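First up is the structure itself, then whatever we jot down about it.
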Amino acid sequence: MIEGSNMAECHPVGFRWVMKAKERGATIIHVDPRFTRTSAVADIHVPIRAGSDIVFLGGIIRYIVENERYFREYVVNYTNAPAIIADEYSDAEDNDGLFSGWKQDEAKYDIRTWMYKGVDPEPAGGARESESGKKGKPTQRNPIQAEHTDPTLQHPNCVFQILKKHYSRYTPEMVEQACGIPQELFLKVAEALCRNSGRERTSAFCYAVGWTQHTVGVQYIRTAAIIQLLLGNMGRPGGGIMALRGHASIQGSTDIPTLYNLLPGYLPMPKAAHDKDLKTYIGLNKAPSGWWGEFDKYFISLMKAWFGAAATEQNDWCYDYLPTLTGDHSHMNSVTYMADGKVDGYFVLGENPAVGSSNTTLQRKGLRHLKWLVVRDFSLIETAEFWRDAPEIQRGEVKTEDIGTEVFFFPAAAHTEKDGSFTNTQRLLQWHHKAVDPPGEARSELDFFFKIGQRLKKLYQAEYDQPRNWPIRDLTWDYPTKGAIAEPDAEAVLHEINGYTVKDRKPVEGFTSLEADGSTACGCWIYSGAYRDGVNMTARRKPHWEQNYVASEWAWAWPHNRRLLYNRASADPEGKPWSERKRYVWWDEEKKKWDGLDNPDFIVERPPSYKPGKEARGKDTIAGDDPFVMQADGKGWIFVPAGLQDGPLPTHYEPEESLIANPLYGQQCNPLRMEWWRKDNGYHRAYDDPRFPYQITTYRLTEHHTAGGMSRWLTWLSELQPQMFCEVSPELAAERGLKNGGWATIRTIRAQIEARVLVTNRIRPLKVRGRVVHQIGLPYHWSSKGLVRGDAANDLIVFVADPNVSIQESKAFSADIVAGRQGERQKATSGAIVPEIDPMAWQRDLPVARHKPESAHGYKAEETKEGNV
Amino acid sequence: MIVVEMARRAADSDHKSGNGYAGRGLFEWPVLRQLRDGDLFGLGGSAASQRTRELAPRTRSADRVVGSVCPYCAVGCGQLVYLKNERIIDIEGDPASPISNGNLCPKGAATFQLVTGSHRESRVLYRRPHGKEWERIPLEQAMDMVAERMKKARDEHWEVKNDKGEPLRRTMSMASLGGATLDNEENYLIKKLFTALGVVQVENQARI
Amino acid sequence: MAAQKGFFTDTTLCIGCKACEVACKQWNQLPDDGFLFTAMSYDNTVQLGASTWRHVAFIERPVALSTQDAGAFSWLFSSDVCKHCARAGCLESCPTGSIIRTEYGSVYVQPDVCNGCGYCVVNCPFGVIDRREDDGRAWKCTLCYDRLREDMTPACAKHCPTASIQFGDLDELRRNAKERVEELHGKGLKEAYLYGADAESQPGTGGLNAFFLLLDKPEVYNLPPDPVVPTEKGKAAWRSMAMAVAGVAVAAVGSMLFGRGTQA
């Protein structure tokens, strides 16, 4: 099942395995607004209205539950379906789209009513990733483990019954109404999924940014997770949910995060409001149950890796060297900060926000208000030349000489010119070896930041008496260098990431060797083991034909070289494979340990029969039949009692800019979505905006790479897709007089762009709530630089985000399209391009959810020097 | 007729390629080669030029082959980088990879052009405030300038506490975007350095 | 003589990614074809030519595949290439000996011999071979002749992610292809058939060393339904022309003799 992904186009070699599965009899289902190259080879293509996936997936949940198609033994033992939820809980079904605990003055949920019945409701396990700036009290917490369960799944307040009720209205008729999918087609998909799941068979889901780039993105994925748990498809070969990520090491840059809210290995950045000292920080994050009970070992080892001998027990391991968060400091907020002149300097490293981020007009405005900008890339991308090539410069609205930003362009080294590891979409760390020196002054980021760090240490040397400079003074920064340009040795950095015992700098075996007493240092606990015994495990290249299909000796996967997460679930509660056909990991009674084709993702010596005592803490609370070891209760969470901001169960909300009213609830949009009400970021009406009668979805093509920095400069790729275009159905073409091969102008309140027209039957009008919904497809690869050019689709995009992860909504928004090139391109920056109407006339929120306090969800407009520009 | 035609072809071929058929003796005379090889119509090997006969893949001359990974999407296909005289002469899929079995998609197949193409800038460029053109400045100087600006931004906008008295220990005057296209080791140094400097607005494509 | 090699392009496995086009350009270091948006589905290289030796056709049809549930529509992809015909018009018409049949049975243009006369271009029934504007010489797929010398798979087949392009011994490929058609028929894809797999089915070319599994009429893929090597058609013409040449020669000799006689 591929949904929210165009796998054949965006991950063609990954799709090799889908085609192999198809040859072996698998049914390939592609759910997508467009008929793409993935649909072309799928068995079933399901055209869907972009932004309605939770209705579709919720419909499948209902089908599974109502028809008793779930894998009962798996559900009862491995998920929290039997758990009984607090009496105070009330569902979105009862409140027209809001869950219990809505706090009107703060415009957010008090999530305590979502907790298991009888459990101390302090937020814990799972909260650490998404929680930012959330207040709480450090207390000696009880484990988040269900106190009351009903294995018969009959209790009216057990998760299973709540689930059943929550999705009771997600009927095939509703799917047809909301998604534009004929009931017959929907039922065919639901049945195919159920038929192919259970003891003997498994089904897999693949998704990509087609799911994440929505204001309800996290909940899209959650809906699929519920399906996979109900069908028993998690932790089993051929099952799971595959996130298809778009950049060589986008997984790595999440694990070792260049992300504001995380420290390496998904440890949270300290929050100013409540992480006052080390004890509090550890107390709030060290979970009383589950694997996160090891939290202090990982954090203290990280501090030892970063601050070396300076980090001691007496000074709390330099805890107060760390900066703190006071809210959401993610990319979109930074951009509005920049646009408001609050940021001096910006580093852009192998990314092209002037093309690839949402509302790129606003992105470029941000760049104009910096004091200095550093761009590191292969060529002069749009972000490097925003001061002379941007659309607003071409239109004469902004003059180059008025832009005060100082710009440094540093040529970057390519992957063939540096040693290092990428982490692929399956958590596999693979080493690429340096083949040649980079040309001229091109350098790796490793070299650049190492040497910038050396310079800063020197610059601050005279000011080390000030405590605020101590982190710079004490930062361990003594990597050995090598080669003609004296680059730091990447393996030495990997050694630090892997971790070592402090006394002899010997690499540790893995994260189970880490200690909380300062005797070990480790840069990223989940990567611990990648350099065990001083061997670069990520550089292993044993051919696949010399090993089994799991290929454990090719490179290295985190954690502990486990290729399939939570694989304990591939065996039944007694530890026997669910079926011979699907055997993967099992309990070996003779050897008294877990064994299998892969490294077991479980405590190896813990027998299936193990039951923790009442006093157990940390990983001792993980029972022998609790496969989901990172969860506080070892169970797969169908219902999320803590950790999500916008609800314990996925609920359908319309995109920020939709064509229709929410068919299920009075609450139109995600009540916690992040909005930025500013003059330079207008919004359309919630739905039925007469000015914007069509829906856009954006995407990429096989022939280009994201914002184009690695493809638009290459002849071999550029000739294959040489110009910006839009895809429209013949019906829409007729309605708007669009000619195949001609030009069209597409507009939103934020911008107006031109594109060539591709009229195609691959785009189909859908019938939704009695009206015809036309969708327009826009690839977003092009802009003003490179061999092949065109307007940037992201100029049009609404600047709004998911509350859990602050990811933009690029996959569904409203727009207008007209034939021809509408003269000189005109942007929102040069005044309204469409008649202004009150955007609030059609409400996105129920009255109780309308009040949004300052900075609770994004930021309000601020007066800027440029006014509306 | 055939004989005449072959002689003409041979002459033509000699003339064009400078192969010097005449110098290789009577047995290399095309007619005889044709008869010897059974290539009666002269449409096969007997018409092969010396270049053709010596044809070999350029990878044969490689001094060494380096294992690598495709830099585009996150599938992580294996690549083999062929080098001759310290120059990349070819980049191919690595058949040994359990992920890709030697395959590459069009982007992966274009990696050779990505890393060796003339589109790549190899010099540091500097645009002064309000400037209309790029200027060249040396790498070392540019790095000095960036480090100085980082220090200045940090020092001028250091936040000790917020108005509630909560500790901040940071600066909001700098931000960074990027990492998804970089190595783990690079992301590690970036996060480590920025965190030590008190820079919290560190983000990458994973947020988008 | 080495085993006869060729391509079997199974279009049912093609995902239209164009890896073959780029892998070919990379290995053979070919220039671009220009940057022209055609509005013909996702096809912007349009056809095989002097600098495009693999070309993926994109066909949007208002007809469903018999095994697909996606409405009355389907999108077909097919990676086209030089067919390396068993009887090759280009080879037979080449007056310079530039085009040869290699030991692998493929048809190879020797760039050091080609003088750019262009006879091959008009004699290819598939419109494959083409002259490059800058140097005037004729170019086309070499079946990676250089790679074959080291037992390397041609670049397109090696990199094809879904094994739509299969390379190997022709006998084996033909066997596999026939089995594949039967298998697809068994799965209900009745429209699958082989194009140019042997001399019987395509006498005009003597069969193709690069043959295809297609799902619609050849014309749909811009392939000729019944290709005939022009030199085959030309046989009779050549015969009569030879007679004429002989006649003229006789007359000329006679006239010379006659003339000389008169002069004398």
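Residue numbers (our numbering), protein chains in the order written: chain A, 795 to 1663; chain B, 8 to 215; chain C, 245 to 508. We treat Cβ as the ideally placed atom computed from N, Cα and C, and that holds for glycine. Remember, it's a predicted structure, so these values are computed and weren't measured experimentally.
By alpha-carbon positions, which one of Met801(A), Lys816(A), Val849(A) ends up nearest to Tyr1459(A)? Position 665 of the first sequence, counted from the first residue, corresponds to residue 1459(A). Closest option to Tyr1459(A), Cα to Cα, is Val849(A).
Enumerate in chain order the residues of its own chain whose CB-to-CB distance from Pro1147(A) is below 7 Å, with the five nearest sequence positions on each side excluded. The residue given as residue 1147(A) occupies position 353 in the first sequence. Result list for Pro1147(A): Gln1157, Thr1177, in chain order.
Would you please state the rounded distance, in angstroms, between the beta carbons of Gly85(B) and Ser107(B)? I believe it to be under 8 Å. On the second sequence, position 78 is the one that residue 85(B) refers to. On the second sequence, position 100 is the one that residue 107(B) refers to. Yes, they are in contact, since the Cβ atoms of Gly85(B) and Ser107(B) sit about 5 Å apart, within 8 Å.
Can you tell me whether Gln898(A) is buried or exposed? The criterion is at least 16 other CB atoms within 10 Å of its CB, across all chains shown. Here residue 898(A) corresponds to residue number 104 of the first sequence, with the count starting at 1. Counting Cβ neighbours within 10 Å, Gln898(A) comes out exposed, since fewer than 16 surround it.
So that I know if they touch, is there some Cβ in chain A lying closer than 9 Å to that of Leu320(C)? Taking the first residue of the third sequence as position 1, residue 320(C) is located at position 76. Answer yes: the Cβ-Cβ gap between Leu320(C) and chain A drops below 9 Å somewhere.
is_contact[Lys931(A), chain B] using C-beta, thresh 9 Å: Numbered from 1 along the first sequence, position 137 holds the residue referred to as residue 931(A). Reliability fails at Lys931(A), whose pLDDT of 45 lies under 50, so the model's placement of it is uncertain and the value that follows must be treated cautiously. Cβ-Cβ to chain B under 9 Å: no for Lys931(A).
Please name the residue or residues paired with Arg1377(A) in a DSSP beta bridge. Within the first sequence, numbered from 1, the residue matching residue 1377(A) stands at position 583. Beta-bridge pairing links Arg1377(A) to no other residue.
Would you identify the three-state DSSP class for Val1423(A), choosing helix, strand or coil? As a first step, residue 1423(A) must be located in the first sequence, where it is residue number 629. Val1423(A): coil per DSSP, three-state reduction.
Is the Cβ-Cβ distance between His1041(A) and Asp190(B) less than 9 Å? In the first sequence, the residue the question calls residue 1041(A) occupies position 247. In the second sequence, the residue the question calls residue 190(B) occupies position 183. No, they are not a contact pair.
Identify every residue that forms a DSSP beta bridge with Gln1224(A). Taking the first residue of the first sequence as position 1, residue 1224(A) is located at position 430. For Gln1224(A), which the question treats as bridged, DSSP gives the partners Phe1216(A).
Mind checking the segment 394-407 of chain C against chain A and listing, in chain order, the residues whose C-beta falls within less than 7 Å of any C-beta there? Pro405, Thr406
For Pro1573(A), the first and last residue of its enclosing beta strand (DSSP E): One-based indexing of the first sequence puts residue 1573(A) at position 779. Run containing Pro1573(A): 1569-1573, per the beta strand (DSSP E) assignment.
Which word fits Thr397(C), buried or exposed, when buried means at least 16 other C-beta atoms lie within 10 angstroms of its C-beta? Counting from 1 along the third sequence, the entry for residue 397(C) is found at position 153. It is buried - the Cβ of Thr397(C) has at least 16 other Cβ atoms within 10 Å.
Cut-off 6 Å between Cβ atoms - residues of its own chain near Ser285(C), not counting five sequence neighbours on either side: The sequence position of residue 285(C) within the third sequence is 41, counting from 1. Excluding positions up to five away in sequence, the list reads Phe302, Glu304.
Return yes when the Cβ of Val840(A) is within less than 9 Å of the Cβ of Phe954(A), no when it is not. If you number the first sequence from 1, residue 954(A) lands on position 160. If you number the first sequence from 1, residue 840(A) lands on position 46. Not a contact, by the Cβ cut-off of 9 Å.
Three-state secondary structure (DSSP) of Val1192(A): Start at 1 with the first residue of the first sequence, and residue 1192(A) comes out as number 398. Correct three-state label for Val1192(A): coil.
Enclosing beta strand (DSSP E) for Gln1(B) [first to last residue]: Absent from the structure is residue 1(B), since the part of chain B shown begins at 8 and ends at 215.
Taking 9 Å as the CB-CB limit, is Leu1072(A) close to chain B? Within the first sequence, numbered from 1, the residue matching residue 1072(A) stands at position 278. For Leu1072(A), the answer is no, since every Cβ of chain B falls outside 9 Å of its Cβ.
Apart from the five residues on each side of it in sequence, which residues of its chain come closer than 7 Å, Cβ to Cβ, to Thr1491(A)? If you number the first sequence from 1, residue 1491(A) lands on position 697. The residues are Pro827, Ala844, Gln1569, Gly1571, Lys1605, Ala1606.
Span of the alpha helix (DSSP H) holding Gln955(A)? Within the first sequence, numbered from 1, the residue matching residue 955(A) stands at position 161. 953-960 is the span of the alpha helix (DSSP H), which, as asked, contains Gln955(A).
How about the segment 254-273 of chain C and the segment 389-403 of chain C: do they share at least three Cβ pairs that are nearer than 8 Å? yes
Have a look at Gln212(B) and Cys338(C) and give me their C-alpha separation to the nearest angstrom. For the purposes of this step, residue 212(B) is identified with residue 205 of the second sequence, where counting begins at 1. For the purposes of this step, residue 338(C) is identified with residue 94 of the third sequence, where counting begins at 1. One C-alpha to the other measures close to 55 Å.
Quick check on Tyr1131(A): does DSSP put it in helix, strand or coil? Residue 1131(A) sits at position 337 when you count from the first residue of the first sequence. Here Tyr1131(A) sits in helix by DSSP.
Span of the alpha helix (DSSP H) around Ala182(B): Residue mapping note: residue 182(B) aligns to position 175 of the second sequence, counting from 1. Note, Ala182(B): premise wrong, no alpha helix (DSSP H); beta strand (DSSP E) at 174-184.
For Gln1546(A), does the three-state DSSP call read helix, strand or coil? Translated into the one-based positions of the first sequence, residue 1546(A) becomes position 752. Here Gln1546(A) sits in strand by DSSP.
Identity of the residue in Ala1417(A), Ala1545(A), Asp1639(A) nearest Ser1083(A) by Cα: What you label residue 1083(A) is simply residue 289 of the first sequence in a count that begins at 1. Checking every option, the nearest Cα to that of Ser1083(A) belongs to Ala1417(A).
Nearest by alpha-carbon distance to Ala1099(A): which of Tyr1113(A), Gly798(A), Gly1087(A) is it? The residue labelled residue 1099(A) in the question sits at position 305 within the first sequence. Among Tyr1113(A), Gly798(A), Gly1087(A), the Cα nearest to that of Ala1099(A) is on Tyr1113(A).
Own chain partners of Ser24(B) with C-beta closer than 6 Å, once the 5 adjacent residues on each side are dropped: Counting from 1 along the second sequence, the entry for residue 24(B) is found at position 17. For Ser24(B), the pLDDT reaches just 37, beneath the cut-off of 50, and the residue's location in the model is therefore unreliable, leaving the point undetermined.
Span separating the alpha-carbon of Asp1440(A) from that of Phe1433(A): Counted from its first residue, the first sequence places residue 1440(A) at position 646. Counted from its first residue, the first sequence places residue 1433(A) at position 639. C-alpha separation (whole angstroms): 12 Å.
Cβ neighbour criterion (16 or more within 10 Å) applied to Arg1375(A): Within the first sequence, the letter at position 581 stands for residue 1375(A). Arg1375(A) should be labelled exposed.
State the CB to CB distance for the pair Leu1222(A) and Ala1349(A), rounded to an integer number of angstroms; the pair is presumed to be in contact (CB under 8 Å). Translated into positions along the first sequence, residue 1222(A) becomes position 428. Translated into positions along the first sequence, residue 1349(A) becomes position 555. The pair is a contact, with the Cβ atoms about 5 Å apart (cut-off 8 Å).
Suppose the cutoff is 7 Å on Cβ atoms and the five residues either side in sequence are ignored; what does the same chain contact list for Ser894(A) look like? Within the first sequence, the letter at position 100 stands for residue 894(A). Within the same chain, Ser894(A) has close Cβ partners Glu882, Tyr883, Ser884, Thr907.
Sequence ranges, beta strand (DSSP E) only - wholly within the segment 1515-1546 of chain A, length at least 3: 1519-1522, 1537-1541
Chain C residues whose Cβ lies nearer than 7 Å to that of Val835(A): Reading the first sequence from its first residue, position 41 is the one you call residue 835(A). Near Val835(A) (Cβ distances below 7 Å), the residues of chain C are Ile259.
Would you say Phe201(B) lies against chain C (beta-carbon separation less than 9 Å)? Position 194 of the second sequence, counting from 1, holds the residue named residue 201(B). Closer than 9 Å: no.
Close beta carbons around Val425(C), own chain, < 8 Å, minus the five adjacent residues each side: As a position in the third sequence, residue 425(C) is number 181, starting the count at 1. So the qualifying residues of the chain are Ala436, Tyr437, Leu438, Leu457.
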